[in-house]
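Report on the following structure.
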Amino acid sequence: MIEVEIKLPLFRRSITERALTDCGFKAGNLVKESDFYFTSDFHDFMKTDEALRIRTCENFTTRETTSFLTYKGAKLDTVSTTRKELETRIEDADIAREILISLGYKKLYPVTKLRQYYHKGRMTACVDQVESLGSFLELEILVDSPEQKESALQSIEALLLDMGSSLKETTRKSYLSMLLSKGSPD
1 MIEVEIKLPL
11 FRRSITERAL
21 TDCGFKAGNL
31 VKESDFYFTS
41 DFHDFMKTDE
51 ALRIRTCENF
61 TTRETTSFLT
71 YKGAKLDTVS
81 TTRKELETRI
91 EDADIAREIL
101 ISLGYKKLYP
111 VTKLRQYYHK
121 GRMTACVDQV
131 ESLGSFLELE
141 ILVDSPEQKE
151 SALQSIEALL
161 LDMGSSLKET
171 TRKSYLSMLL
181 SKGSPD
């Protein structure tokens, strides 16, 4: 799968949420996502612009908790955070973390956010409140092949324009990169 995605810093979260519903998006689940990223001396994911992550999701809507192991490839363009994404559900996040640490991976700074999902057709909008960073809007479309990437990005850009924003206002930095640039408490 290829995740075609943009990230926009938000200054007025409630206006963005209203704009999404005005554009036909339906509110989905409210989820607390706790991410642990990993790197190693033998594969520095930060240098290669990749990511290896374990995410635990506490779904406040369904009252379920699930965890996932995710690999994200390097970004595929210079205007978005589009990249290959491979994800699988895992039964026990603590055991998976221990396996990675035992294999020589090091845990990086954790990323925790409260995420409100919105859906319309094949597009997902996420309004995030990220601890220590603030609010952001992520818009994403999952595609099967690189040939579908440009069309998906055009759909995302059209929505941004409808909402009074543009690709120029987006950031390609990950939440992890933003937090690391602020300085880790360790």
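Per full-length UniProt numbering, numbering through the sequence shown is continuous, rising by one, with the last residue being 186.
C-beta atoms are modelled at their ideal positions from N, C-alpha and C, and glycine is treated no differently.
Since the structure is predicted, the reported quantities are computational estimates derived from the model, not experimental observations.
Taking DSSP's pairing of strands, which residues face residue i in a bridge?
i    : result
M123 : K120 and I141
T88  : L69
A152 : None, per the DSSP bridge assignment.
R55  : D35 and F68
A27  : Y118
D41  : D41 pairs with nothing; no bridge assigned.
D128 : R115 and F136
T62  : Paired residue(s): none; T62 is not in a bridge.
T16  : BP columns for T16 are empty, so no partner.
Between residue i and residue j, what straight-line distance do the alpha-carbon atoms span, to the nearest angstrom?
i           : j    : result
L8          : A125 : 11 Å
M123        : G104 : 37 Å
R13         : L114 : 13 Å
V4          : S145 : 11 Å
residue 193 : I101 : With the chain covering only 1 through 186, there is no way to say anything about residue 193.
R53         : E64  : 20 Å
C57         : E131 : 15 Å
D186        : V111 : Low per-residue confidence applies at D186: pLDDT is 48, beneath 50, and the placement is therefore not dependable enough to give any value.
E169        : F60  : 31 Å
L86         : F68  : 10 Å
H43         : T82  : 21 Å
D94         : F36  : 11 Å
E119        : L137 : Checking the sequence shown, residue 119 turns out to be His, not Glu. Looking at the two C-alpha atoms, the distance is approximately 13 Å.
V31         : E147 : 32 Å
DSSP three-state call for residue i: helix, strand or coil?
i    : result
L133 : coil
P146 : helix
T82  : coil
K106 : strand
E3   : strand
L8   : strand
T170 : coil
L76  : coil
E50  : coil
S165 : coil
Taking 8 Å as the cut-off, does the segment 152-167 touch the segment 41-61 (at least 3 CB pairs, one atom from each stretch)?
No, because fewer than three Cβ pairs between the segment 41-61 and the segment 152-167 fall closer than 8 Å, the two stretches do not touch.
Evaluate the contact criterion for the segment 160-170 versus the segment 12-28: three or more CB pairs, one atom per stretch, below 8 Å.
At 8 Å Cβ cutoff, the stretches touch.
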